[in-house]
Amino acid sequence: MDYFTQRYYSQEVLQQRAESVHVSFAAYLDRANFEVKYLSEQISDGETIDRLFQLHDVLFFGGLDFFYVALEDGTSMEDPRVRLYTRDALSDLIKNAESDVWLHVSTTDQSELLVYKKPLASDEDKLSKGFFYGFISLDNNLALASDLIGSAGADYLKINDVVGKPLLIEQLSSFSDETPFVHHESTLSLPVLKDKLAVEVRYSRPLFESFSSWSVIGSLAILAGLLLLNWAVRWYAQRTLFMPIAGLPAIGRMDTLNYQEFEPLLAQMNYFQTRLKARDQHLDLLLNSLQAAILFCDESARVTDINDEAALLFPESPTAKTIFDMTPIACHQPIQRALKGEYGGGFELELKDQPKVYAFQTHTFVNEHGFRSVMLVGRDVSEVRRLRWHLTHRFPRQAIDRPQPSPQLIFDEISERSEAVLKAPEEAIAWFGVLGQLLKQISEPAQEISQVQTLGDLLCEQQEWLERELGVCLKRCDCTVEAALEDTLVQANWTSDHAALIRLAYMLCLDSSLSGRHLVFSWDKKGLVIKVYGAEESSAVLGWLCQEYPKVLKGRTESAKGGFIKMTATVKRELGSAAEELPAKGRVAFIENDYVDVSRVKQLLNELAIKWDGYASFAEFMSASQPYHCQYNVLMIGLGDETLAQTHVQKLLHTSGSDQLPILYLADHAVEQMEGQILYAHQLMAYSLAKVMESLRHFSAINMGDWATQDTNFIITGGSSMSQVIWQSELSAHGFVVRREVEIDNLVSVLRHTSPVNIIVLDHETAMRAQKLHLVKLVNTRWVVLEDFSERPDTMHFMDLDGRVPDDAVIASLLRIFNI
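According to the working numbering, the sequence shown holds residues 1 to 820 in order.
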């Protein structure tokens, strides 16, 4: 530390730090010189003070504090910031200023400044326009002081003039003149600075220098004495006290004990050892009398204890390193889950050399070392399986291996829903009917639904079945279904148990009142995975079915906080089970119409790779140009506003002259008396959307351009946006199809690909541009202008409004002009 301190505060290092102050000061002056040059050029170009202060990046981040411009014509331009630094007249401060050099001046109000003089550019006659003066404050310049003290890494910085007058003083808050410090002085001499300045930097002395060498030597001596004393005490105590205690584990060697105080401790140790031996004997007797194979494994799956029956099952146990070396691969996963903390798992083990089957149960516990271990308990179930097989084939309808609901379960469900029965008896009856079918189905043997079927078809069938059984209850449910298209196209052999499990998942969502609840269907290595989000605490029957149905399908049920339930089921998939992809050709128009889940619909359309155009409302759809030069295979309409949807659909049917159009409604509530295909929130998934859209392919495509006639099709251009909206609303109220075009140039390309149309030009300028662009020569167009002009061709009709806003009389006059 002494070497480092001397080196840190050596004269060479201090001189280098002082040089860094010179470099920082020179850099600051260079930045100020650039600002002087830039601003003088702007003033030479005729810029004013107001325009100069719009150059924020130069004035706020440059080096100048303020400036002054003296022009040859006697006028001047003074920076308003000058009064922040001095009250003196600037004309007095610039008398001794020299060109292209910084000069130190002092004001009468004790301000220390540096002034720089820069001639302005000459005019066309090569006469000088004046001079630009830049000023830098020394005693009130935080930016300069921070740069200088930071570059030197000092605690205190002071700059004096040649006579010793302080110009700039900066110090850190932690620095005090009362503490010892090291200082260094140097002369600041720069080419652009006329006066030489004196620089003094100070550095606080380290704490180490405050101590004398005698105190350090005394501390080291005391530390050495304490270490020697500690070693002597430890050596003496080990020889006289702890040596007899080290012989206590050697039971029976009483001659090694030198103190009679240890005799009660030794007697107690002998007593506990005798009790431990007796407990070990009792445990061995219990393990061998349970008529079960029992094994204990530690956290590394090593067998730590085994009874006689288990030793007969696993003769290789003395040489096996872990339990996995003694059991088949099919048994490893339940053991691994038990080692991770799962309780109540198990597996069945069929012996190869004898016709026996053992059912093992896994139980986790924490051993004496604090690690999780597992106990395996296996019972011989060979006779039980044989009797069950005979009974099942003797009485197949009894299905003794199926779970049977208890009567108490039904009573609990009825008592929990007594209040719902009083409020809505019809819905309660339908609800109990579905629960009754699920309870009956779980107690009977499963039946195959079909040979091969996709998951998407199965989901759609179960949705339709629940809608028939529950009526509008399911349609009012705001739960959503998430199933990837590739997952719904997987084919498998399904049974009635799989269908019931899907119904149960819907029932869990329907029974909950939480917002944001939804179902997720996916696949894993074993089979189907159903995740329920937002499910409340289940009722008696639903809770029992949720636990039992996955067991029937060789799956599991997991639950977590927040209403999350995960159910798995084993499903036999068909090889190459991905069905042919649903066709996704054509184009779709989606009218949102205040539908609540617009983002999900757009996500599904993108997932199906379908080209679609979105419209916020029917008015936007009718007035847009896109529907008039392209055709839509399906029109999707959100039923946020059901009345508005019905009204505009009737207009579309009337315009098309057809009884049916390829229209698909999206609803988030029960809808009645609505003709056409409807998808509710619980039906909205990629598979069902693609299936319904495919069913609408046989209808004629929607093409507004083919339906529009010259008697009903209007385009409004020119004028203000407000006037266009007024004309559009008035014509739309009379049953006409009206579009707006803001730019007349865009109208050229629109008319080349549109049906016959009537065009209303609202202002004179737009009419002139239309005449110059020869739009009047386009066929199937009829024109009317509201402002007359001399060059108006005969193909453009003039309609004199006389300052009136469009009303019924104006519309009638317009129709007479167009002979409509």
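Ideal Cβ positions, reconstructed from N, Cα and C, are used throughout, including at glycine. None of the values given here were measured: they were computed from a predicted structure.
Next item on the list: Figure out for me which residue from HIS518, LYS525, ASP457 has the closest Cα to the Cα of ASP478.
Entry: Locating residue 478 in the sequence shown gives position 478, where the first residue counts as 1. Residue HIS518 is the option with its Cα nearest to ASP478.
Item checked: Three-state class that DSSP yields for GLN53 in the structure shown -> Taking the first residue of the sequence shown as 1, we reach residue 53 at position 53. The amino acid at residue 53 is misidentified as Gln; the sequence shows Phe. PHE53: coil per DSSP, three-state reduction.
Margin query: Taking the alpha helix (DSSP H) that HIS797 belongs to, which residues open and close that run?
Written below: Walking along the sequence shown from the start, residue 797 turns up at place 797. Counting along the chain, HIS797 falls outside any alpha helix (DSSP H), though it belongs to the beta strand (DSSP E) covering 796-798.
Check: For TYR133, which residues does DSSP report across the bridge?
Finding: Looking up residue 133 in the sequence shown gives position 133. BP columns for TYR133 point to TYR68, LYS117.
Checklist line | Inside the segment 464-501 only - beta strand (DSSP E) runs reaching at least 3 residues | finding: 480-483, 490-493
Note to self: Which residue marks the beginning of the beta strand (DSSP E) containing HIS363, and which one marks its end?
What the structure shows: For the purposes of this step, residue 363 is taken as residue 363 along the sequence shown, with counting starting at 1. 357-366 is the extent of the beta strand (DSSP E) around HIS363.
Margin query: For VAL201 and ALA154, which I take to be in contact (beta-carbon distance under 8 Å), what is that distance rounded to the nearest angstrom?
Written below: The residue you call residue 201 lines up with position 201 of the sequence shown. The residue you call residue 154 lines up with position 154 of the sequence shown. Right, the Cβ-Cβ distance comes to about 4 Å (below 8 Å), so this counts as a contact.
Next item on the list: Would you check if the segment 655-670 and the segment 417-429 touch, i.e. whether three or more CB-CB distances between them fall below 8 Å?
Entry: no
Item checked: DSSP state of PRO445 mapped onto helix, strand, coil -> For this step, residue 445 is matched to residue 445 along the sequence shown. Note: PRO445 maps to coil in three-state DSSP.
Item checked: ARG388 classed as buried or exposed, judged by whether at least 16 other C-beta atoms fall within 10 angstroms -> Translated into positions along the sequence shown, residue 388 becomes position 388. With fewer than 16 Cβ atoms within 10 Å of its Cβ, ARG388 is classed as exposed.
Checklist line | Stretch-stretch touch, CB-based, cutoff 8 Å, three pairs: the segment 498-505 with the segment 587-606 | finding: no
Item checked: Cα-Cα separation between LEU313 and GLN268, rounded to whole angstroms -> What you label residue 313 is simply residue 313 of the sequence shown in a count that begins at 1. What you label residue 268 is simply residue 268 of the sequence shown in a count that begins at 1. Their backbone Cα atoms lie some 41 Å apart in a straight line.
Checklist line | Other residues of its chain near LEU470: CB distance less than 6 Å, five sequence neighbours each side excluded | finding: Your numbering for residue 470 matches position 470 in the sequence shown. Closer than 6 Å at Cβ, skipping near neighbours: ALA430.
Notebook entry, point to check: By Cβ distance, which residues of its chain are closer than 8 Å to ILE530, with the 5 residues on each side in sequence left out?
Noted result: One-based indexing of the sequence shown puts residue 530 at position 530. Taken in chain order, the residues that qualify are LEU501, ILE502, ALA505, LEU519, VAL520, PHE521, LYS566, MET567, THR568, ALA569.
Note to self: Using 8 Å as the threshold, is the C-beta distance between VAL634 and MET693 below it?
What the structure shows: Counting from 1 along the sequence shown, the entry for residue 634 is found at position 634. Counting from 1 along the sequence shown, the entry for residue 693 is found at position 693. Contact flag set, yes.
Next item on the list: Assess, as a yes-or-no matter, whether the segment 178-197 is touched by the segment 227-234 under the definition of 3 or more beta carbon pairs within less than 8 Å.
Entry: no
Margin query: Going by DSSP in three states, PRO806 sits in which element: helix, strand or coil?
Written below: In the sequence shown, counting from the first residue as 1, residue 806 sits at position 806. It is coil, neither helix nor strand.
Next item on the list: Please list, in chain order, all residues of the same chain as PHE107 whose beta carbon is under 6 Å from its beta carbon, the five residues on each side excluded.
Entry: By 1-based counting over the sequence shown, the position of residue 107 is 107. Per the sequence shown, residue 107 should be read as Thr rather than Phe. Answer for THR107: THR86, ASP88, listed in chain order.
Next item on the list: Put LEU376 into one of helix, strand or coil per three-state DSSP.
Entry: As a first step, residue 376 must be located in the sequence shown, where it is residue number 376. Strand at LEU376.
Notebook entry, point to check: How about LEU39 and PHE67: are their beta carbons less than 8 Å apart?
Noted result: Numbered from 1 along the sequence shown, position 39 holds the residue referred to as residue 39. Numbered from 1 along the sequence shown, position 67 holds the residue referred to as residue 67. Yes, Cβ-Cβ distance for LEU39 and PHE67 is below 8 Å.
Next item on the list: Specify, as a first and last residue, the run of the beta strand (DSSP E) that ASN160 falls within.
Entry: Position 160 of the sequence shown, counting from 1, holds the residue named residue 160. Per DSSP, ASN160 belongs to the beta strand (DSSP E) from 156-160.
Check: Is DSSP giving GLY436 helix, strand or coil here?
Finding: In the sequence shown, counting from the first residue as 1, residue 436 sits at position 436. Looking at GLY436 - three-state DSSP - the assignment turns out to be helix.
Next item on the list: Locate the beta strand (DSSP E) running through GLN717, then write down its first and last residues.
Entry: Within the sequence shown, numbered from 1, the residue matching residue 717 stands at position 717. In the sequence under discussion, the amino acid at residue 717 is Thr, which differs from the Gln named in the question. THR717 -> beta strand (DSSP E) spans 713-717.
Check: When the Cα atoms are used, what is the spatial distance from GLU464 to HIS698?
Finding: Counting from 1 along the sequence shown, the entry for residue 464 is found at position 464. Counting from 1 along the sequence shown, the entry for residue 698 is found at position 698. Approximately 23 Å, taken between the alpha carbons.
Item checked: Neighbour-count burial assignment, ARG275, 16 or more Cβ in a 10 Å radius -> Position 275 of the sequence shown, counting from 1, holds the residue named residue 275. Classification for ARG275: exposed.
Note to self: Starting from ALA338, trace the beta strand (DSSP E) in both directions and tell me its first and last residue.
What the structure shows: Here residue 338 is taken as the residue at index 338 of the sequence shown, counted from 1. That residue, ALA338, is in no beta strand (DSSP E); its alpha helix (DSSP H) goes 332-339.
Checklist line | Integer-rounded CB distance, given that ILE136 should sit under 8 Å from ALA18 | finding: For the purposes of this step, residue 18 is identified with residue 18 of the sequence shown, where counting begins at 1. For the purposes of this step, residue 136 is identified with residue 136 of the sequence shown, where counting begins at 1. With a Cβ gap of about 21 Å, ALA18 and ILE136 do not count as contacting.
Notebook entry, point to check: What are the residues that DSSP puts in a beta bridge with ALA293?
Noted result: Residue mapping note: residue 293 aligns to position 293 of the sequence shown, counting from 1. BP columns for ALA293 point to GLY378.
Item checked: Per-residue DSSP class, three states only, for THR643 -> Numbered from 1 along the sequence shown, position 643 holds the residue referred to as residue 643. THR643: helix per DSSP, three-state reduction.
Margin query: LEU376 and ILE294 - do their beta-carbons sit closer together than 8 Å?
Written below: Sequence index remark: in the sequence shown, residue 294 carries index 294 (1-based). Sequence index remark: in the sequence shown, residue 376 carries index 376 (1-based). Yes, the Cβ-Cβ distance between ILE294 and LEU376 is below 8 Å.
Checklist line | Cut-off 6 Å between Cβ atoms - residues of its own chain near LEU64, not counting five sequence neighbours on either side | finding: Residue 64 sits at position 64 when you count from the first residue of the sequence shown. So the qualifying residues of the chain are ALA32, GLU35, GLY134.
Notebook entry, point to check: Is DSSP giving THR75 helix, strand or coil here?
Noted result: Within the sequence shown, residue 75 is the residue found at index 75, counting from 1. Of the three classes helix, strand and coil, the one that applies to THR75 here is coil, per DSSP.
Note to self: Taking the straight line between their C-alpha atoms, what separation do you get for ILE159 and ALA70?
What the structure shows: Taking the sequence shown and counting its residues from 1, one reaches residue 159 at position 159. Taking the sequence shown and counting its residues from 1, one reaches residue 70 at position 70. Cα to Cα, ILE159 sits roughly 31 Å from ALA70.
Notebook entry, point to check: Excluding sequence positions up to five away, which residues of its chain have a Cβ less than 8 Å from the Cβ of LYS356?
Noted result: Residue 356 sits at position 356 when you count from the first residue of the sequence shown. For LYS356, where only same-chain residues beyond five positions count, the Cβ hits under 8 Å are GLU350, ASP380, SER382.
Check: Hey, LEU514 and GLU482: beta-carbon distance below 8 Å or not?
Finding: The residue labelled residue 514 in the question sits at position 514 within the sequence shown. The residue labelled residue 482 in the question sits at position 482 within the sequence shown. Cβ distance not < 8 Å, so LEU514 and GLU482 don't count as in contact.
Notebook entry, point to check: Does the distance from the CB of THR480 to the CB of LEU684 come in under 8 Å?
Noted result: Within the sequence shown, the letter at position 480 stands for residue 480. Within the sequence shown, the letter at position 684 stands for residue 684. Result yes, Cβ atoms of THR480 and LEU684 sit closer than 8 Å.
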